[in-house]
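Residues 2 to 632 (this note's numbering) make up the first sequence, in order.
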Amino acid sequence: MRSVSTPFWKTGPIWRCHLRLSCQSWPPLLNPTMTASSAKQDALRSFAVESLPFNCQIGGGMRASQFFISTLKEAPAEAELISHKLMLRAGLIKRLGSGLYTWMPLGLRVLRKVENIVREEMNKSGAVELLMPAVQPAELWQESGRWDVFGPQMLKIKDRHQRDFCFGPTHEEVITDIARREIKSYRQLPLNLYQIQTKFRDEIRPRFGVMRGREFLMKDGYSFHISYADLEREYRNMYDTYCRIFTRLGLQFRAVAADTGAIGGTGSHEFHVLADSGEDAIAFCPASDYAANVELAEAVAPAGVGAGAMVAMEKKATPGKTKCEDVAAFLGLPLTQTVKAIAVMAEKEGGNEFVLLLLRGDHDLNEIKAQKVLGELRFARDDEIVDALGCKAGYIGAVGFSGRVVADRSVAVMSDCVCGANEEGYHLTGVNFGRDLPQPGTVADIRNVVEGDPSPDGRGALELCRGIEVGHIFQLRTKYAEALKCTFLDEQGKDQVMEMGCYGIGVSRIVGAAIEQGHDERGIIFPDTIAPFTVAVVPMNYAKSEAVRTAAAALHAELLAAGIDAILDDRDERPGSMFADWELIGIPHRVVVGERGLKEGKLEYKGRSDAEATMVTATEMTTFLKQKLCG
RNA sequence: CGGGGUGUGGCGCAGCCCGGUAGCGCGCUUGCUUUGGGAGCAAGAUGUCGAGAGUUCGAAUCCCUCCACCCCGACCA
């Protein structure tokens, strides 16, 4: 709120400081008598040319001495995640407040490259770009009913007349308002509008740098249709477009069937960048296109039924063995033959009901699934367990228990299993449903899927991985169109509610996700398509060797002419520190220009992930690099 | 919001228990030497010790209040 209520002119000293800084960037214009080395003047000249507005962020050549590079040897203590640490160390971002980051020049180049790829592919798909206000009046949100529903995640602000506004966390309301005002006829449909814009969500806990910032850059698109069939067609078009975008970004990703969550509507897919640090667990089937969030993935019963009862039930002493793993090891039986009983209290009219949930020893409870069966529930307290079973947790089981039992599908097909004896220090072996205890009252899917489970589509086994959600597409259907009366006249001249889809991409999050996926002990490894610069030209002994200076400048110019985004490191740093910088920053290709190689007419090439450098004839370097960049 | 933790120069940290001169490494500035993997020597600059109130002759250190930030949980691009 402080930033909102403090007028910018009261931040005078900072403001003036910026002015002074920018003046210093322009000495050739303001102070022509300034003295500088010829190399530096050269650099300033090229900086001035490249700084013209029509040649803005991407493209154009750059010299390292004039670019704002600030790398750190040690990562600030605030960062935990590898991508966050590397972004801070490489100087791509600086933190202003919790979940608020400045994109430094180097980082902004990456962000803009991601943004441009998203924009190009969206344009190719037939979507049309527009830009909506970040600040939105409360009335629209009240009309859709979300002013109160959205909750504290929405930053609400007041203007000088005490009128309510919010800093847009999303734009369904605004776009639907545009559509209802501007679209009158079926002839104007379908239409897909998108924007790339800053959103603000007052996250409960911002973390991981730009991966979960409060202010972030998002591509959000919205489509309008005369029929559900046409929405489905466009949804498929966006699905394909998203696949092209993430492929071009050089990311390993997966489209995942998703819940529709708070935004509502039916059909929905999330796009996840695969990374071990991802916040979401994903189950997928390599043999088919099945993929789902682990919380949602259906755990089907193992194929076939168990072998049937082979042995008699026996009570075995298992002193001190309370975990399934320990019991199985102690008895010399496989973990998959044990059954764990989890005691919960399910909410019921007129008090709670004590329920035993049965899971195979190697499986974990999925509380969301269990709640779908039992309603609201919590774990039972120790005293409640003793009351119901006469025994403390660790040795409990369903044998002799007369209350409600919910068994997971995979437990229902087990035989000769091991479970607690409801007596401290004892377990039962050879337990069979229908013989030693009644069949469970309810059989349901109440566990998380595990690696190797059959895919719900029956086409192979599931594998697990973790992912970072970078995109999400929804079929909104008529949720917002109805609330905001967004209608059109059909061919019969009848009023119809529009079908809508919405399609989001977390542009700034992609930068973090790409780094999670591409890094090593030396730093970031950017894909060619989004690296801040594609090639670093690194001269050895730049200040003293005219041959090196000439060759480096010539190569730099040649690369730029060939359309390759190259930076010339004219800082005359020591070689080790230049190498370390470019490796930390993640520039994918490096060319070293040194007197040693020049004597034989050669330059040294090294890809960011290559173990060894390659000598390349100087005259062939540009061709060589072009091939590298295509392949 | 619940739980855990941290605030000391640009970054990483020590000092706090046991009150008395604010310190180290990196970075920065200047000079000389060095120049194919984060150089060496020398000289320097940079701190309202997160803020406020209190105890005390004296507070980075003890007490109180507040703030900021980070980490673990429920939300989401």
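Cβ coordinates follow ideal geometry from the N, Cα and C atoms, glycine included.
Please read all numbers here as calculations on a predicted model, not as lab measurements.
Same chain, Cβ closer than 8 Å to residue i, neighbours up to 5 away in sequence not counted
i, result
"ALA292", "ARG255, ALA256, VAL257, ALA258, ILE283, ALA284, PHE285 and CYS286"
"SER186", "PHE489 and LEU490"
"VAL549", "PRO540, MET541, ASN542, TYR543, VAL594, GLY595, GLU596 and LEU599"
"ASN32", "Any reading at ASN32 needs caution, since the residue's pLDDT is 30, under 50, leaving its predicted position unreliable; the model's value is listed next. Cβ neighbours of ASN32 beyond the five flanking positions: none."
"GLN338", "ALA329, GLY362, MET415, ASP417, CYS418 and VAL419"
"LEU112", "TRP104, LEU218, VAL508, SER509 and VAL512"
Residues that DSSP places opposite residue i in a beta bridge
i, result
"GLN198", "MET219"
"MET501", "PHE225 and ARG478"
"LEU438", "PHE434"
"ARG249", "For ARG249, which the question treats as bridged, DSSP gives no partner whatsoever."
"MET63", "ILE568"
"ASN294", "ILE283"
"LYS159", "ASP165"
"TYR427", "ALA318"
"ASP241", "For ASP241, which the question treats as bridged, DSSP gives no partner whatsoever."
"ARG649", "What the structure shows of the chain is the stretch from 2 to 632, and residue 649 is not part of that stretch, so it cannot be assessed."
Among the options, nearest to residue i - alpha-carbon criterion
i, options, result
"SER84", "GLN518, GLU296 and ALA562", "GLN518"
"GLU326", "ARG510, VAL340 and ASP165", "VAL340"
"GLU79", "PHE331, ARG208, GLY108 and VAL471", "ARG208"
"GLU130", "GLU116, LEU141, TRP142 and SER269", "GLU116"
"MET133", "TRP142, PRO77 and LEU194", "LEU194"
"GLU205", "GLY100, GLN628, GLY468 and SER66", "Residue identity differs from the one stated: residue 205 is Ile in this sequence, not Glu. Out of GLY100, GLN628, GLY468 and SER66, GLY100 has the C-alpha closest to the C-alpha of ILE205."
"THR620", "GLY268, ALA552, LYS316 and ILE565", "ALA552"
"PHE225", "PHE217, LEU218 and ARG234", "ARG234"
"VAL301", "TYR236, GLU271, GLU315 and ALA408", "ALA408"
"TYR396", "THR242, CYS420 and ARG379", "CYS420"
"SER289", "SER403, VAL136 and ASP458", "ASP458"
"PRO320", "LEU378, ALA329 and MET314", "ALA329"
"VAL643", "ILE588, PHE247 and VAL295", "Outside the shown range of the chain (2 to 632) lies residue 643, about which nothing can therefore be said."
"GLU299", "LYS324, LYS373 and GLY279", "LYS373"
"LEU218", "GLU122, TYR102 and GLU144", "TYR102"
"ARG510", "ARG64, GLY108 and ALA65", "GLY108"
"LEU87", "LEU604, PHE625 and GLU522", "GLU522"
"LYS322", "VAL538, TYR229, LEU429 and GLY404", "LEU429"
"VAL119", "LEU366, ASP241, VAL400 and ASN294", "ASP241"
"LYS316", "VAL400, ASN294, HIS557 and ALA394", "VAL400"
Own chain partners of residue i with C-beta closer than 7 Å, once the 5 adjacent residues on each side are dropped
i, result
"PHE492", "One detail in the question is off: residue 492 reads as Glu in this sequence, not Phe. Result list for GLU492: TYR187, in chain order."
"ALA263", "Because the pLDDT of ALA263 is 46, which lies under 50, any placement of that residue in the model is unreliable, and the number read from its coordinates should be weighed accordingly. Contacts found: none."
"ARG202", "GLN154, PRO170 and ARG215"
"SER610", "ILE526"
"ALA310", "SER416, ASP417, ASN433 and ARG436"
"GLU424", "CYS392 and TYR396"
Cutoff 6 Å; reference residue i; Cβ partners in own chain excluding five residues on either side
i, result
"THR177", "TYR481, LEU485 and CYS487"
"LYS370", "ASP446 and ILE447"
"GLU354", "ALA347"
"LEU630", "ASP529"
"LEU463", "ALA284, CYS286, VAL450, ASP454 and SER456"
"ASP582", "THR72"
"MET638", "Shown here, the chain extends from 2 to 632; a query on residue 638 therefore has no answer."
The alpha helix (DSSP H) enclosing residue i, as first and last residue numbers
i, result
"GLN143", "139-145"
"ARG182", "173-183"
"LYS603", "Run containing LYS603: none in the alpha helix (DSSP H); it sits in the beta strand (DSSP E), 603-608."
"GLN508", "According to the sequence as given, residue 508 is Val; it is not Gln. Where VAL508 is concerned, the enclosing alpha helix (DSSP H) stretches over 508-518."
"LEU626", "622-631"
"LYS86", "83-90"
Element boundaries [beta strand (DSSP E), containing residue i]
i, result
"ARG597", "Careful: ARG597 lies outside any beta strand (DSSP E), inside the alpha helix (DSSP H) at 596-599."
"GLY98", "94-98"
"CYS667", "Since the first residue shown for the chain is 2 and the last is 632, residue 667 is missing from the structure and cannot be characterised."
"CYS167", "165-168"
"LEU73", "Premise fails: LEU73 is in no beta strand (DSSP E) and is neither H nor E."
"ARG255", "254-258"
"PHE489", "488-490"
"PHE616", "The identity of residue 616 in the sequence shown is Met, whereas the question assumes Phe. From DSSP, the beta strand (DSSP E) with MET616 extends over 615-618."
"ALA128", "Segment: none, ALA128 is in no beta strand (DSSP E) and carries neither H nor E."
"LEU463", "Per DSSP, LEU463 belongs to no beta strand (DSSP E) and is neither H nor E."
"LEU101", "101-104"
"VAL444", "443-445"
* Runs of alpha helix (DSSP H) wholly within the stretch 370-410 (minimum 4 residues, chain order) -> 383-390
* To do: Report the residue ranges of all alpha helix (DSSP H) runs contained in full by the stretch 316-366; include only those spanning at least 4 residues, in chain order.
  => 325-332
* Along the chain, which unbroken stretches of the beta strand (DSSP E) at least 3 residues long are found entirely within the stretch 529-600? -> 536-540, 567-569 and 590-594
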